Every structure is written in structure tokens, then in C-alpha cells.
Amino acid sequence: MFEKAHEHGLQEKDEAGAPEAEDRVATTAGAQVDADFLRSVPPEPQVLTGLDITGPGRFINRELSWLAFNWRVLAEAENPNVPLLERVRFLSISGTNLDEFYSVRVAGLRGLVRGGVMTPSSDGLSPAEQLERIDEDARALMLRQQDCWRELKLLLAAEGIHVLSASDLSPGDVRTLESYFLEQVFPILTPLAIDPAHPFPFIPNGGFAMGLSLRRGTDGEMLDALLPIPNQIPRFLRLPDGPGDEIRFLPMEALLEMFLDRLFPGYVPLGRCTFRVLRDSDLEVEEEAEDLVREFETALKRRRRGQVIRLKMSAGAPEWLRRVIVEELEVPWEVVIDVEGIIGVGSVAELCQIRRPDLLWPPFKPRMPERVQDHDGDIFAAIRQKDMLLHHPYETFDIVVRFLQQAARDPDVLAIKQTLYRTSRNSPIVAALSEAAEDGKSVTVLVELKARFDEAANIRLSRQLERAGAQVVYGFMDWKTHAKMSVVVRREGNELVSYSHFGTGNYHPGTAGIYTDLSLFTVDAALGRDAARVFNYVTGYVRPESLEQLKISPHMIKPTILELLERETEHARAGRPAQVWVKLNALTEPDVIDALYAASCAGVRIDLVVRGICSLRAGVKGLSENIRVKSIIGRFLEHSRIVCFGNGHGLPSQGARVFISSADWMERNLNRRVETLVEITNPTVHAQIVSQIMAANMADEAQSWVAQPDGSYLRHGDAATDRSRLFSCHRFFMENPSLSGRGRAGSQDVPQLVHAHD
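Residues in the sequence shown are numbered consecutively from 84, following the numbering used here.
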């Protein structure tokens with residue numbers, strides 16, 4: 084595979100013609116960057132005026148880096164190369180992302196400010212300074228979301244999909260809507276007066292409501308009222324199709340405005356507005372809790388009533404009505420955001436349910452590994468043959484589900500051990516584990532209650548498992564268990580054989596269809612023993628004295644990364660090839676970033692694919708001149724964590740050391756969570772990761788944004804670039820088979836880094 088790659092031109096590009104780095108930082112207009120990290124070499128490093136490369140400025144602020152990521156998500160909503168309804172979906176994602184950011188990260192910073200904490204973060208900004216910069220950038224982002232929505236509405240209308248206002252409706256529409264309102268909406272609405280006898284009602288986190296100022300027609304008596312809009316009501320009501328099969332929607336708030344007289348008979352509205360509340364969603368759990376499940380149930384109730392972090396209100400609301408709402412919610416005016424457009428951008432995802440295949444990504448069916456088919460669907464037999472790596476979503480996650488289903492029904496299986504961080508509501512994995520427990524097998528499930536926003540779901544599934552007879556544990560009070568492991572112990576003759584699964588993503592069949600992740604199946608005895616030791620650690624709190632092949636945090640992963648970076652540094656100093664490839668969701672851990680800087684200064688060439696937050700400055704002279712960073716944003720959400728160390732051979736190479744992990748390189752993952760780092764030793768799996776998965780990610784141009792020294796990101800190419808002709812790792816993986824799991828099909832037809840559009 085490596086030799087063929089070299090023959091087919093996977094060599095470094097010449098630097099000739101590259102634009103000056105200073106120009107790229109000064110302005111994005113006409114700037115060109117090369118995202119093909121596989122073939123190109125790093126550009127000339129830049130000097131950032133005023134940057135002390137030994138001070139805190141060597142780090143990029145975590146929160147501002149996250150906002151930069153969400154700008155990239157929004158850019159996909161503006162990308163004409165993306166199908167129209169998928170653009171609407173990206174807009175929705177950017178909205179829900181920002182909501183979560185406010186309810187968790189911004190809420191945390193405001194709590195620090197209220198507590199008088201002035202300690203700066205690693206980049207040197209105090210909590211108050213961070214909030215100031217966040218507010219400026221986030222408000223600009225919200226304005227851009229509204230601009231994007233206005234553009235998308237026009238494009239949808241051109242495709243016969245209309246989001247209407249009340250003035251667009253015909254008399255027949257109004258009659259139809261009146262019946263619908265009275266039968267389907269009116270019964271679940273509760274209009275609420277605001278007066279001394281009816282105090283201002285509680286609006287939960289994410290709550291959407293209409294504020295009204297009304298006057299009674301008979302005597303002119305004034306009434307202030309609220310109309311909470313239950314989330315059981317769809318935000319966009321689908322109307323009967325119009326002429327020419329036009330698809331038509333009406334926002335729910337427009338429907339309510341049409342029939343206010345049915346809710347407040349005899350009153351005339353003088354002013355109205357809509358608003359949405361975001362509250363602090365962090366959970367505080369007592370460390371000495373006697374019953375962790377009950378403590379979490381109590382904490383979840385407190386979350387609903389957390390302090391208001393952001394209040395979005397429709398622009399043009401009467402001033403007296405705004406004042407009533409703001410004062411009753413007890414929020415400072417600086418958290419109030421007037422919106423000229425749609426409140427709750429995330430809700431536009433409802434429009435993506437339209438059956439218009441021409442406006443969506445082309446259908447894609449995940450592949451079934453040929454080796455499993457060779458063994459007539461026997462997962463255990465396929466794994467016994469040799470290690471197998473599945474690359475989701477390109478290869479079906481159904482194999483992971485069937486692995487556990489087969490274990491549940493196999494009379495030779497004695498025990499199953501499983502971690503669950505997130506999974507689907509009606510999870511087939513939980514069903515399989517329950518079936519195994521009911522069949523009398525020993526089933527141990529580690530359910531992480533602290534999985535943010537999935538706490539309630541995890542409480543439900545833990546009770547379901549306990550009812551089935553499984554042993555359910557919750558891990559450590561102060562550390563989340565984020566590791567993705569499953570072990571099946573099977574009697575084969577006179578031996579007990581452990582079949583292990585290590586993943587980079589959650590055991591969630593739903594998200595597995597859109598997240599790129601890796602699943603390693605193995606019967607390696609050492610990894611099986613290591614996995615058992617880790618389970619014993621989280622169930623019995625007895626730390627293993629040593630592990631054979633597996634590394635775990637918070638004790639081992641960070642020291643291992645630092646040691647391997649130091650070894651690459653030694654290779655560079657000795658004149659040997661020294662190179663590192665890394666793929667992560669986030670990079671913020673200061674010690675690791677400093678180690679990357681040190682390796683770069685020693686001559687180690689480092690290429691990073693970091694989807695989201697990245698606190699490292701790339702391409703700075705004297706600091707990171709051998710480091711490049713890019714972010715891939717496209718059809719699938721990049722989620723797998725992979726690291727490759729050249730080990731004195733450079734990359735790609737059969738001599739490289741290759742690892743997959745559940746951990747991003749963040750303080751929480753490396754220092755405060757139970758995570759896994761698995762070294763890949765099987766030659767075929769090793770080649771698949773290095774020469775196929777990582778090489779394609781490094782070569783991607785179509786979906787890549789290249790980080791600049793100032794923390795901004797630029798797309799590959801320029802405005803004139805034909806993006807349909809650029810190499811896309813997502814297209815490549817959809818069109819071509821993987822190395823591992825090929826079975827009798829062999830690897831002869833596994834192609835080089837090309838796809839159908841090349």
C-alpha cells in the first residue's frame with residue numbers, strides 16, 4: 084500500500100508560487116491556502132506583531148476558538164455547493180451549537196465573574212475579558228445567522244418551498260387553519276395573565292413564549308399576558324400544498340397571532356413579542372450523595388430552573404412589554420438580544436423532513452464488511468480470523484449491535500462488560516444487554532450519569548438494565564467514564580476467550596450514521612486482560628498496577644503522549660525522519676500544546692486535523708513553524724481520535740506507531756476522565772489507518788479549513804476554485820472499500836486517493 088501510494092504521486096508539492104504568509108493573515112480577500120497536507124509542505128512561518136511566544140498569548144482562547152468553529156459550521160449553510168435542505172440543516176446546527184455554548188460555557192464564565200474570580204485562563208484572559216470578547220463575536224454570529232436564514236428562505240421559495248406569513252394566506256387557508264387550531268393547538272395552550280393574583284410564570288430552559296399587552300373592548304381595562312408555546316407543538320405547520328404542488332409552511336407564532344381572539348375573547352392586542360429563554364444548564368452534584376441516581380434526578384430539576392443566561396426577544400417589541408418580561412425574569416439588560424428574524428434558529432431543522440431528495444445529500448448505504456459475510460454473519464468467527472477495524476459511517480454500525488446481540492444469544496458466552504456514555508432512546512444495544520442478563524449471563528454495564536444533556540436518558544436505561552438483572556455501576560464521582568469498551572467472554576473448549584471492542588465514538592446507532600468513528604474488534608488476549616482490569620477499576624476503584632497494551636487516563640495517556648512526542652524530537656535531533664499526524668475533535672491541554680511546540684522547534688513535522696476547538700497557534704516563527712492545523716467540516720461530523728508517530732520512519736510508514744482513542748487532547752479528557760488509548764499492532768488495520776484514513780484526511784481539500792497563526796481559518800483555494808473538483812475524504816470513503824474486513828475479497832481493489840469526480 085505504501086509503495087503504491089508513492090508510485091502514484093503522493094509526494095510533496097513544490098512551494099513555488101505560494102503567497103506570502105503575511106498577506107494571508109492581513110486579509111482573507113484573494114488569500115490562498117493549501118489544505119492538502121499529504122502532498123504539500125508547510126508555508127513560510129509568520130511573525131505575529133506583539134506576540135510573546137513564551138507568554139500566555141502562545142495559546143488561543145478556548146471559547147473564541149469554539150466560536151470560530153461555529154462560524155465554519157455556519158459557512159456550510161452559506162455554501163452553494165451544499166444541497167439546499169442540507170444548508171438549512173447546517174444553519175440549525177449552528178443555532179443549537181450556540182445555545183449549548185451559552186447554557187454551559189458562558190454560564191460557567193458568568194458564574195466565575197459573579198464569584199469575583201479573576202484568575203486568567205491559560206491564554207491570559209480573565210473570565211470578564213473572555214465574556215466581553217465572546218459577546219462581541221457571538222452577536223455578530225447571530226446577525227449572520229439571520230442573514231443566512233433570509234437568503235435560504237428565498238432559495239427555498241425558488242424551489243417551491245415557502246415559509247409564509249399570515250398575510251400570504253387565502254380565505255380557504257384561514258378556514259383550514261382555524262379548524263386545526265381549535266382541534267390540535269387550543270387544547271394544549273395555557274394563556275397566563277400577569278398581575279398580583281397571577282405572578283409571572285416560570286419559563287424553563289429553552290422555553291419559547293409570546294408576550295402580550297391587551298385592552299378589553301368593553302371598558303378599556305389593560306391586561307398583560309403570556310402565552311407559553313409548548314415544545315410538543317411543531318414550530319412550522321405544514322399547510323396543504325399550493326398550486327403546482329408548492330410546499331407551504333406557517334410558523335407557529337404566526338398561527339397563534341391569527342387566533343388570539345380565541346385565547347383572549349373580548350380583548351384587542353396593543354403589542355406583542357416572542358421571546359426565548361436559555362438558562363444555566365450545568366449540574367452540581369453533591370460528592371457525598373448516598374444515592375447517585377436520586378441526586379442526579381434532583382440536579383436535573385434544578386437545571387430547568389437555572390439562572391437565565393440569554394434572553395432573545397423579537398425586535399420592535401413595545402418598550403413597556405420588554406421591560407415587564409426582562410424585570411420579571413430578573414435578567415440584566417446586557418443578556419437581552421433583540422432579533423430581527425427568527426427566534427430559535429435551531430428549529431429550522433423541521434423543514435429538512437421534506438421529501439425532496441434533489442435538495443438533500445445523495446442516499447448512502449453503509450457497507451457490510453465482506454469478512455463477516457464470508458463467515459455467514461458470525462461476528463465472533465470474523466474476529467477470530469484476525470483483528471477487524473470498522474470505519475463508521477462508511478461501514479455499518481450494525482456490526483457493533485449484532486456483536487452484542489450474538490453474544491446475548493450464544494450459550495457459550497458467559498459474561499459481557501460494557502460502557503455506555505450515550506446511546507439512543509430505544510437502544511438495540513441496551514435491549515441486547517437486557518436479553519443477555521435475563522438469559523442468566525453475567526452482564527456488567529457502566530452507565531455514565533454525567534453525560535451532559537443525556538443524564539435523564541441514562542437514568543432510564545440504567546433502571547431498565549437493572550430490572551433485567553444486569554449489574555449497573557456509575558463509575559467515579561469526580562471523573563466521567565468516557566471510554567468506549569465492550570468485552571464478551573466466551574467459553575471455547577477448555578479456554579475462556581475475550582472478544583473486545585474499542586471505539587472512538589458512543590454506542591449510539593443514531594449518531595453512528597453521521598459521525599465518523601472507528602470500531603476495533605480483537606481477540607488479542609493482552610487487550611482483553613487490560614479491558615477487564617479497567618472494568619475492575621471503575622467498578623471496584625482498585626487502580627491496576629500495570630496494563631500490557633492499553634493506556635488509560637487520567638493516569639497514563641498524557642504521559643504517554645508527552646513521551647512519544649519527546650521520542651520524535653530525539654529522532655529529529657538525530658537527523659532521522661520525524662513526523663506526527665493527529666486527528667481530534669479538540670486540542671486545548673497546555674502541557675501537550677507546549678510539547679508540540681517544542682517538537683516543532685526541534686524539527687518534527689506535525690500535521691493536525693482538529694475539527695473544533697484548537698488552542699494551538701500554527702505556523703508561528705520560532706514557535707510552531709513546522710505545525711499545520713486544519714478543520715474538516717462537511718457531510719459527516721469528524722469524531723474519531725487518531726494519532727500516528729513516525730517513530731523514525733516518517734509518515735506514512737509501516738514502522739509508525741499508531742493509536743486510536745476515546746480522548747480528545749483537552750484538560751478534562753486527559754486529567755479528569757477515564758479514557759482509553761489503544762495501540763494498533765495488526766498490520767492490516769495499521770495500514771488502513773495510516774495509508775487510507777489518515778492519508779485521506781490529510782489530503783482533503785474540499786471540506787478543509789486551514790488555521791492561520793492569528794486563530795482565523797481559511798478555506799482551501801480561493802473564490803475561483805471549482806470545489807467540485809477538489810479531493811474530498813468523505814466522497815473517497817463513501818465510494819471505496821476499506822482494507823480491514825475485506826475477507827476473501829482481498830485488498831487488490833482498494834484504490835489510491837482518488838474518487839469519482841477526479
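From the three backbone atoms N, C-alpha and C, an ideal C-beta is built for every residue, glycine too. Please read all numbers here as calculations on a predicted model, not as lab measurements.
(1) Buried or exposed for L822, going by 16 or more other Cβ atoms inside 10 Å?
(2) Using CA coordinates, which residue listed in L333, W154, L174 is at the minimum distance from A160?
(3) So, at 6 Å on beta carbons, what are the nonlocal neighbours of G731 in its own chain, with the 5 sequence-adjacent residues on each side left out?
(4) For R573, count neighbouring Cβ atoms within 10 angstroms of its own Cβ and tell me buried if that reaches 16, exposed if not.
(5) Grab the span of the beta strand (DSSP E) containing Y263 for me, first residue to last.
(6) Give a yes or no on whether the C-beta atoms belonging to I725 and L603 are separated by under 8 Å.
(7) Pull the bridge partners of T605 from the DSSP assignment, please.
(8) Please name the residue, chosen from S205, V703, E750, V768, that lies closest to M129 on a Cα-to-Cα basis.
(9) Which same chain residues, not among the five before or five after R650, have their C-beta less than 8 Å away from its C-beta?
(10) Taking 8 Å as the cut-off, decide whether the C-beta atoms of A790 and V712 are in contact.
(11) Quick one: what does DSSP say P166 is sitting in, helix, strand or coil?
(12) Report yes or no: do the region 388-397 and the region 439-457 share at least 3 C-beta pairs separated by less than 8 Å?
(13) For I763 versus V741, is the C-beta distance shorter than 8 Å?
(14) Using a Cβ-Cβ cutoff of less than 7 Å, which residues in the same chain neighbour F120 once the five nearest sequence positions on both sides are dropped?
(15) Taking only three categories from DSSP, how would you classify T137?
(16) Secondary structure at Q315, three-state DSSP: helix, strand or coil?
(17) Flag this pair as yes or no: are the beta carbons of H799 and D117 separated by less than 8 Å?
(18) Span of the beta strand (DSSP E) holding I462?
(19) Per DSSP, which one or two residues make a beta bridge with G354?
(20) Among residues of its own chain, excluding the 5 on either side of W562, which ones have a beta-carbon nearer than 6 Å to its beta-carbon?
(21) Rounding to the nearest angstrom, what Cα-Cα distance links L648 and I640 in this structure?
(22) Please determine, among Q547, A739, F342, the residue with the shortest C-alpha to C-alpha distance to P274.
(23) Are the CB atoms of R355 and L306 within a distance shorter than 8 Å?
(24) Relative to the C-alpha of Y263, which residue among P317, Q228, S177 is closest?
(25) Should the region 185-198 be called in touch with the region 213-224, which here means at least 3 C-beta pairs below 8 Å?
(26) Return the chain-ordered list of same chain residues with a C-beta closer than 6 Å to the C-beta of Y598, the five sequence neighbours on each side being excluded.
(27) Taking C-beta to C-beta, are A338 and L320 nearer than 8 Å?
(28) According to DSSP, simplified to helix, strand and coil, what is L383?
(29) Quick one: what's got a C-beta closer than 6 Å to G695's C-beta in the same chain, skipping five residues either side?
(30) Can you grab the Cα-Cα spacing for the pair E784 / G199, in whole Å?
(31) With 16 other CB atoms within 10 Å as the buried threshold, where does S186 fall?
(32) Let me make sure I understand the geometry here. Which of V418, P446, H281 has the alpha-carbon closest to that of D218?
(33) Where N819 and K524 are concerned, what is the direct C-alpha to C-alpha distance, given to the nearest angstrom?
(34) Based on the DSSP secondary-structure assignment, which residues constitute the bridge partners of Y598?
(35) Between the Cα of G399 and the Cα atoms of F463, S629, P139, L353, which residue gives the shortest distance?
(36) Write down the C-beta distance between L601 and G586 rounded to the nearest angstrom, noting that I regard them as a contact closer than 8 Å.
Let me lay it out:
(1) One-based indexing of the sequence shown puts residue 822 at position 739. Classification for L822: buried.
(2) As a working mapping, residue 160 is identified with position 77 in the sequence shown. Residue L174 is the option with its Cα nearest to A160.
(3) If you number the sequence shown from 1, residue 731 lands on position 648. Close CB contacts of G731 within its chain, under the 6 Å cut and outside five residues either way in sequence, are with H654, R659 (chain order).
(4) As a first step, residue 573 must be located in the sequence shown, where it is residue number 490. Buried is the label assigned to R573, since at least 16 other Cβ atoms lie within 10 Å of its Cβ.
(5) Against the sequence shown, residue 263 aligns to sequence position 180. Segment 254-263 is the alpha helix (DSSP H) holding Y263; no beta strand (DSSP E) there.
(6) Residue mapping note: residue 725 aligns to position 642 of the sequence shown, counting from 1. Residue mapping note: residue 603 aligns to position 520 of the sequence shown, counting from 1. Taking 8 Å as the cut-off, the Cβ atoms of I725 and L603 do not count as close.
(7) Translated into the one-based positions of the sequence shown, residue 605 becomes position 522. Bridge pairing for T605: S583 [DSSP].
(8) Here residue 129 is taken as the residue at index 46 of the sequence shown, counted from 1. Per the sequence shown, residue 129 should be read as Gln rather than Met. Measuring from the Cα of Q129, the nearest candidate turns out to be V703.
(9) The residue labelled residue 650 in the question sits at position 567 within the sequence shown. The residues are F728, N730.
(10) Counting from 1 along the sequence shown, the entry for residue 790 is found at position 707. Counting from 1 along the sequence shown, the entry for residue 712 is found at position 629. Contact: yes.
(11) As a working note, residue 166 is residue 83 in the sequence shown. P166: coil per DSSP, three-state reduction.
(12) No: the two stretches stay apart, fewer than three of their Cβ pairs being nearer than 8 Å.
(13) As a position in the sequence shown, residue 763 is number 680, starting the count at 1. As a position in the sequence shown, residue 741 is number 658, starting the count at 1. Cβ atoms of I763 and V741: closer than 8 Å.
(14) Locating residue 120 in the sequence shown gives position 37, where the first residue counts as 1. Result list for F120: D690, R711, K713, M781, in chain order.
(15) Position 54 of the sequence shown, counted from the first residue, corresponds to residue 137. The answer is coil: DSSP assigns T137 none of H, G, I, E or B.
(16) The residue labelled residue 315 in the question sits at position 232 within the sequence shown. DSSP places Q315 outside both helix and strand once states are collapsed to three, so it counts as coil.
(17) In the sequence shown, residue 799 corresponds to position 716, counting from 1. In the sequence shown, residue 117 corresponds to position 34, counting from 1. Annotated as proximal: H799 and D117, with beta-carbon spacing under 8 Å.
(18) Here residue 462 refers to the residue found at position 379 when the sequence shown is read from its first residue. That residue, I462, is in no beta strand (DSSP E); its alpha helix (DSSP H) goes 462-468.
(19) Along the sequence shown, read from residue 1 onward, the residue named residue 354 stands at position 271. For G354, which the question treats as bridged, DSSP gives the partners S296.
(20) For the purposes of this step, residue 562 is taken as the residue at position 479 of the sequence shown. Around W562, the same chain offers R755, R756, V757 as residues with beta carbons nearer than 6 Å, after the five sequence neighbours per side are excluded.
(21) Indexing the sequence shown from 1 puts residue 648 at position 565. Indexing the sequence shown from 1 puts residue 640 at position 557. Cα-Cα distance, rounded: 12 Å.
(22) Counted from its first residue, the sequence shown places residue 274 at position 191. The candidate whose alpha carbon is nearest that of P274 is F342.
(23) Counted from its first residue, the sequence shown places residue 306 at position 223. Counted from its first residue, the sequence shown places residue 355 at position 272. Annotated as distal: L306 and R355, with beta-carbon spacing of 8 Å or more.
(24) Your numbering for residue 263 matches position 180 in the sequence shown. The shortest C-alpha separation from Y263 is found at P317.
(25) The region 185-198 vs the region 213-224: in contact.
(26) Numbered from its first residue, the sequence shown carries residue 598 at position 515. Excluding sequence neighbours, Y598 sits near G588, L720, H722.
(27) The residue you call residue 338 lines up with position 255 of the sequence shown. The residue you call residue 320 lines up with position 237 of the sequence shown. First, the amino acid is wrong: residue 338 is Leu here, not Ala. Going by C-beta atoms, L338 is nearer than 8 Å to L320.
(28) For the purposes of this step, residue 383 is taken as the residue at position 300 of the sequence shown. Here L383 scores only 44 on pLDDT, less than 50, and its place in the model is too uncertain to base an answer on.
(29) Walking along the sequence shown from the start, residue 695 turns up at place 612. Cβ within range, chain order: F152, N668, A669.
(30) Here residue 784 is taken as the residue at index 701 of the sequence shown, counted from 1. Here residue 199 is taken as the residue at index 116 of the sequence shown, counted from 1. Rounded to whole angstroms, E784 to G199 spans 46 Å at the Cα level.
(31) Your numbering for residue 186 matches position 103 in the sequence shown. So S186 ends up on the buried side.
(32) As a position in the sequence shown, residue 218 is number 135, starting the count at 1. For D218, the closest C-alpha among the options V418, P446, H281 is that of V418.
(33) Walking along the sequence shown from the start, residue 819 turns up at place 736. Walking along the sequence shown from the start, residue 524 turns up at place 441. Distance between N819 and K524, taken at the CA atoms: about 39 Å.
(34) Against the sequence shown, residue 598 aligns to sequence position 515. According to the DSSP secondary-structure assignment, Y598 is paired through a beta bridge with L720.
(35) Along the sequence shown, read from residue 1 onward, the residue named residue 399 stands at position 316. Closest by alpha carbon: L353.
(36) Indexing the sequence shown from 1 puts residue 601 at position 518. Indexing the sequence shown from 1 puts residue 586 at position 503. Yes, they are in contact, since the Cβ atoms of L601 and G586 sit about 7 Å apart, within 8 Å.
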